[in-house]
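Notes to accompany the following structure.
In the working numbering, the protein residues as written are 175 to 330.
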């Protein structure tokens, strides 16, 4: 998946669109949109939701330094030997009935299975949980009232 040519239903699958820990200070770069795509695909398949792919509507082309890119992508290239089979075989429980529940289960499996590959994945699993906590706090259920202490359900 490419984050530059991406549209999605925020209310339907928005919580799955976390682009991970990437960039300065992280051992991996330029895999952020791929991470979101892999996670979203697992979750949408589990929840019987659809994903449409195709040719990009906008063509993106820029000159970049392949050596700089290789430095950013090296770990990702190496780790794909573990990442691809992980995402191909991951399963979610019947109790995972929302995107958030699916994502939290996925975070546990990232820690358990990919944490052995590199400690980065333990930090990423923590960040995935934090993402869902923040998502839920900033996106209260419809019909909820937000108070200074956070969301509260509407009284009837």
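Every residue, glycine too, gets a C-beta built ideally from N, C-alpha and C.
Item to check | Segment contact, 8 Å Cβ cut-off, at least three pairs: the stretch 226-239 with the stretch 278-294 | outcome: Taking a cut-off of 8 Å on C-beta distances, the stretch 226-239 does not touch the stretch 278-294, as fewer than three cross pairs fall below it.
Next on the checklist: By the three-class DSSP mapping on this structure, what secondary structure does residue 207 have?
Outcome noted: The answer is helix: DSSP assigns residue 207 an H, G or I state.
Item to check | Cα-Cα separation, residue 176 to residue 208 | outcome: Straight across, the Cα-Cα distance linking residue 176 with residue 208 is about 7 Å.
Checklist entry - Rounded to a whole number of angstroms, what is the C-alpha to C-alpha distance between residue 276 and residue 217? => result Annotation: residue 276 to residue 217 spans about 6 Å, alpha carbon to alpha carbon.
Checklist entry - Which ranges does the alpha helix (DSSP H) cover as unbroken runs of at least 4 residues, wholly within the stretch 218-287, from first to last along the chain? => result For the stretch 218-287, whole alpha helix (DSSP H) runs of length 4 or above, ordered along the chain, are 240-263, 273-283.
Checklist entry - Can you name the start and end residues of the alpha helix (DSSP H) that residue 300 belongs to? => result Residues 294-312.
Checklist entry - Are the beta-carbon atoms belonging to residue 270 and residue 302 less than 8 Å from one another? => result Cβ atoms of residue 270 and residue 302: not closer than 8 Å.
Checklist entry - Out of curiosity, what's the CA-to-CA distance linking residue 293 and residue 204? => result Each residue's Cα considered, the two are about 19 Å apart.
Item to check | Buried/exposed call for residue 202, threshold 16 Cβ in 10 Å | outcome: Buried is the call here.
Item to check | Own chain partners of residue 298 with C-beta closer than 7 Å, once the 5 adjacent residues on each side are dropped | outcome: Result list for residue 298: 194, 195, 284, in chain order.
Item to check | Buried or exposed (CB count within 10 angstroms, at least 16 for buried), residue 306 | outcome: When all chains shown are included, residue 306 counts as buried.
Checklist entry - What's the gap between the Cα of residue 189 and the Cα of residue 210? => result The alpha-carbon separation between residue 189 and residue 210 amounts to approximately 10 Å.
Item to check | Buried versus exposed call for residue 258 [16 or more other C-beta atoms within 10 Å across all chains shown] | outcome: With fewer than 16 other CB atoms across the displayed protein chains lying within 10 angstroms of its CB, residue 258 is exposed.
Item to check | Beta-carbon spacing of residue 279, residue 263 below 8 Å | outcome: No, Cβ-Cβ distance for residue 279 and residue 263 is not below 8 Å.
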